[in-house]
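Quick note on numbering: the sequence shown equals residues 1 to 107 in the UniProt record's numbering.
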Amino acid sequence: QHRDTVWRHIVWEGKHPQAPVSVATKTHYFCEVDVTATVRALLRHCPGFWTSDAWVRCVTAGGEVLQLDPGYWVQALRDVLAGVHGGVALVRGVSLLREFVAGGAHW
Numbered sequence: 001q002h003r004d005t006v007w008r009h010i011v012w013e014g015k016h017p018q019a020p021v022s023v024a025t026k027t028h029y030f031c032e033v034d035v036t037a038t039v040r041a042l043l044r045h046c047p048g049f050w051t052s053d054a055w056v057r058c059v060t061a062g063g064e065v066l067q068l069d070p071g072y073w074v075q076a077l078r079d080v081l082a083g084v085h086g087g088v089a090l091v092r093g094v095s096l097l098r099e100f101v102a103g104g105a106h107w
């Protein structure tokens, strides 16, 4: 539903960005995505993506995305816990960690 918004933040390793229509017909183009740079661009420019149902499904399907750059995610978590992004993020981050540690997390 937000393809156009998110698509422009995909970082490609190839010579030029790919159009959605091209990738739909030639799926091997996805091999040219710079995944780490794309995730970082989405973090900066599409903060709503990270609270979307699509993202939750991606992470809960095994968490492989978190293994792409563990150091980055550790720093992001530290920033949340330090309140770098504001009080709401801190409260939500602490709540999620408590739920996870207590074993009540559904994810």
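Backbone N, C-alpha and C fix where the C-beta goes; we use that ideal spot for every residue, glycine too.
Ignoring anything shorter than 4 residues or poking outside the region 36–80, list the alpha helix (DSSP H) runs there in chain order. Correct list: 53–60.
Segment limits, alpha helix (DSSP H) that includes W7: Here residue 7 corresponds to residue number 7 of the sequence shown, with the count starting at 1. Counting along the chain, the alpha helix (DSSP H) containing W7 begins and ends at R3 to W7.
Taking V91 as the reference, give the member of V101, V80 and F100 with the closest Cα. As a first step, residue 91 must be located in the sequence shown, where it is residue number 91. With distances taken between Cα atoms, V91 lies closest to V80.
Residues in its own chain within less than 7 Å of P20 by CB, not counting five upstream and five downstream? Within the sequence shown, residue 20 is the residue found at index 20, counting from 1. Only R3 and W7 meet the Cβ criterion.
Residues near E32 in its chain [Cβ-Cβ closer than 8 Å; skip 5 each side]: Residue numbering aside, residue 32 sits at position 32 when the sequence shown is read from its first letter. The answer, listed in chain order, is W12, E13, G14 and Q18.
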